[in-house]
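Undergrad:
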Amino acid sequence: MNKIDINKSWNYASAAEGTEHIQLKSKYDLFINGEFVKPSSKKYFNTINPANGEHIAKVAQANKEDVDKAVKAARKAFKSWSKLEPKERGKYIFRIARMIQERAKEFALIESMDGGKPIRESRDIDIPLAANHFFYYAGWADKLEYVFPNKSPKPLGVAGQIIPWNFPLLMAAWKIAPALAAGNTVVLKPAETTSLTALKLAELIQDSGLPKGVVNIITGAGETGAEIVNHSDLDKIAFTGSTVVGKLIQRSIAGSKKKTTLELGGKGANIIFEDAAIDQAVEGIVNAIFFNQGHVCCAGSRLFVQASVESVVIEKLKDRLSTLIIGDPLDKNTDIGAINSAEQLATIEKYIAIGKKEGADIYQPKCQLPKKGNWCRPTLFLNVSQSHTIVQQEIFGPVLTIQTFRTIDEVIEKANNTPFGLSAGVWTEKGSKIFKLSKKLKAGVIWANTYNKFDPTSPFGGYKESGIGREGGLHGLKPYLKFEL
Ligand code: NAI
Ligand code: MG
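Here numbering that gives the first Met the number 0 is used: the first residue of the sequence shown is 0, the next is one more, and so on.
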């Protein structure tokens, strides 16, 4: 049968979403005690669209004084918020969820403009999941006694929360929803390249009538994050980001009263057995590593294919890569959007160069890339071994390393041979293999015959250098509570 060259056979007409109806200010201040206030530093930084380099807005840079103001506001609000009848707390959280749903389209567009992710993903995954986290935790606010019977659960107090740029609104929801449900107040800092949806969330929270100071959202880069970590009047630090910064945070808070949860990097193994449904597995490989440009802590960035099906899987995978559409994040056809920042693109390119230098075979489809903005072709590395740098370190981009295996024990050993332990995927028609691997793989989340599926009811977190603690589900409430027997 002749193969159809999809790229030559038809072209998709552009289907870009319009942005006329979204409302963005030219300059954003800090959200402290229910008001937008100017930063003490008087400094602002630019947030840009990584798909074209265009300036979107100015964002305030919070310094030590601003962090202190935000913590004081949260501390003051904690007194009444923690005493509010739990079902009333639940109602506020529920209202935030509903309002996110009502404004979902605007949030999706801003998420894609500011961060580069395809609108299909922000529209169908990030924003609905963010709303779902608020819905889910709203339901627990008045049931904590049932979740932890005879343990008298009490809120911790004020939480400092620092989030990354790969799922900006979703990570804000992961942090804020359980904290509020458990009766805490928060100071949240989004990542410097993707502050806008958190600031839109601040506007929404203002509209929701949530008591002042319960949620404070302050912007800035690493120095602002460090000021939060080092503030003496916080009870908890919740962090999602790089393992390097996670380790720094652990060192900074050692010996203090602060509790932590750390959700850090990963190098997920995606394992394809010869008895797997190969076409579905190939879709799964693509979803595991190219979803959100590979800026995913649980990405399936290490592929293990059983040797007997190697050639067929690689051939189908290469074919599939040639059909992926890379480009305008606001176009509904786009599969792979822009790399989040020039810095991240430089990191990915550095790893691609290392991969080549260390002798791995590279494959990239010959797709056209836009002229402006930060772009990276989907990349496969073949003929790699465990010792390759690109197999050991997190790249956080659309780069997949491919290895083969013969036996189940061999793949378990290879998959676990990493400093990380966040996620894994197993593709096989045999349930017994799934059970064996899900027991033996040292990873917090293991998907069977699927990948990158998220749900607010399901706990998420890692082993080893992938972090400490769990978010989501009932597990996600626990790190925001103390138990007084
Ligand atoms: P990062 O860890 O520096 O940034 C994450 C958040 O931490 C941001 O809000 C940032 O402003 C803040 N931050 C930075 N330095 C801090 C400090 N000293 N104290 C407190 N907060 C601080 O991540 P970055 O540099 O943007 O990305 C570097 C690498 O980290 C990526 O290539 C990727 O491998 C990994 N990463 C992993 C993420 C995950 O979800 N596990 C998310 C983001 C990055
Ligand atoms: Mg941006």
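All C-beta atoms in this analysis are idealised placements derived from N, C-alpha and C, irrespective of residue type, glycine included. Note that this is a predicted model, so its numbers are computed, not measured.
Can you give the Cα-Cα distance for I204 and V36, rounded to whole angstroms?
TA: 15 Å
Undergrad: Please list the terminal residues of the continuous alpha helix (DSSP H) segment that includes A487.
TA: Past the edges of the chain, shown from 0 to 484, lies residue 487, and the structure says nothing about it.
Undergrad: Within 8 Å, do at least three Cβ pairs link the segment 240-256 to the segment 363-383?
TA: no
Undergrad: Nearest to L476 by CA position, among I126, E191, W139, is which residue?
TA: Out of I126, E191, W139, the CA that lies nearest to the CA of L476 is found in W139.
Undergrad: The ligand NAI heavy atoms versus the CB of I389: any closer than 7 Å?
TA: Flag unset: Cβ of I389 not near the ligand NAI.
Undergrad: Residues in its own chain within less than 7 Å of S25 by CB, not counting five upstream and five downstream?
TA: A56, K57
Undergrad: Based on the DSSP secondary-structure assignment, which residues constitute the bridge partners of G358?
TA: Partner(s): none; G358 has no beta bridge.
Undergrad: Output yes or no for whether 8 Å exceeds the beta carbon distance between F482 and P152.
TA: yes
Undergrad: Tell me the rounded alpha-carbon separation between G462 and G420.
TA: Note that residue 462 is Tyr in the sequence shown here, rather than Gly. In a straight line, the C-alpha of Y462 is about 5 Å away from that of G420.
Undergrad: If we ignore side chains and look at the alpha-carbon of each, how far apart do A190 and I95 end up?
TA: 22 Å
Undergrad: Rounded to whole angstroms, what is the Cα-Cα separation between E87 and I433?
TA: In this structure, the CA atom of E87 is about 43 Å from the CA atom of I433.
Undergrad: Check this for me: beta carbons of S241 and G212, under 8 Å apart or not?
TA: no
Undergrad: For T184, collect the residues of the same chain with a Cβ closer than 6 Å to its Cβ; drop the 5 residues on either side in sequence, then sort them by chain order.
TA: Correct list, in chain order: A73, A76, F77, W80, V157, V213.
Undergrad: For a test of the three-state rule: what should DSSP assign to A56, helix, strand or coil?
TA: strand
Undergrad: Pick helix, strand or coil for E428, following the three-state DSSP scheme.
TA: coil
Undergrad: Looking only at DSSP bridge pairs, what is V311 linked to?
TA: The partner list for V311 (beta bridge, DSSP) is empty, contrary to what the question assumes.
Undergrad: For the segment 96-111 against the segment 30-46, are there 3 or more C-beta pairs whose distance is under 8 Å?
TA: no
Undergrad: Which stretch, first to last residue, makes up the beta strand (DSSP E) that contains L379?
TA: 378-381
Undergrad: In chain order, which continuous runs of the beta strand (DSSP E) of length 3 or greater are located wholly inside the segment 114-167?
TA: 152-154, 157-161
Undergrad: Under the assumption that E110 contacts T196 (Cβ atoms under 8 Å), give the Cβ distance between them as a whole number of angstroms.
TA: At roughly 5 Å, the Cβ-Cβ gap stays under 8 Å, so E110 and T196 are in contact.
Undergrad: Would you check if the segment 398-405 and the segment 366-383 touch, i.e. whether three or more CB-CB distances between them fall below 8 Å?
TA: yes
Undergrad: Any heavy atom of the ligand NAI closer than 7 Å to the Cβ of N291?
TA: no
Undergrad: Near E441, what residues of its chain come up, given a Cβ to Cβ distance below 8 Å and the 5 sequence neighbours on each side ignored?
TA: Before going on, a small fix: residue 441 reads as Lys here, not Glu. Here the set comprises N415, G420, Y462, K463.
Undergrad: Hey, how far is the Cα of M112 from the Cα of L187?
TA: 21 Å
Undergrad: Taking Cβ positions, are V146 and C297 nearer each other than 8 Å?
TA: No, Cβ-Cβ distance for V146 and C297 is not below 8 Å.
Undergrad: Do you know how far the Cα of Q292 is from the Cα of Q160?
TA: Straight-line Cα distance between these residues: approximately 25 Å.
Undergrad: Is the beta carbon of N165 within less than 7 Å of some heavy atom of the ligand NAI?
TA: yes
Undergrad: Should S465 be labelled buried (16 or more other beta-carbon atoms within 10 Å of its own) or exposed?
TA: buried
Undergrad: Does DSSP put A15 in a helix, a strand or coil?
TA: strand
Undergrad: Per DSSP, what kind of secondary structure is N286 in: helix, strand or coil?
TA: helix
Undergrad: Are the beta-carbon atoms of S457 and G468 separated by less than 8 Å?
TA: no
Undergrad: Does any C-beta atom of chain C lie closer than 8 Å to the C-beta of E393?
TA: In the structure shown, chain C cannot be found, because there is only a single protein chain.
Undergrad: From which residue to which residue does the alpha helix (DSSP H) around F77 run?
TA: It spans 63-80 - the alpha helix (DSSP H) in which F77 sits, taken as one unbroken run.
Undergrad: For N332 and A14, which I take to be in contact (beta-carbon distance under 8 Å), what is that distance rounded to the nearest angstrom?
TA: 6 Å
Undergrad: Taking 7 Å as the cut-off, is the C-beta of I495 nearer than that to any heavy atom in the ligand NAI?
TA: A query on residue 495 cannot be resolved here, the shown segment of the chain reaching from 0 to 484 and no further.
Undergrad: If the criterion is Cβ atoms closer than 8 Å, does the pair L329 and E53 meet it?
TA: no
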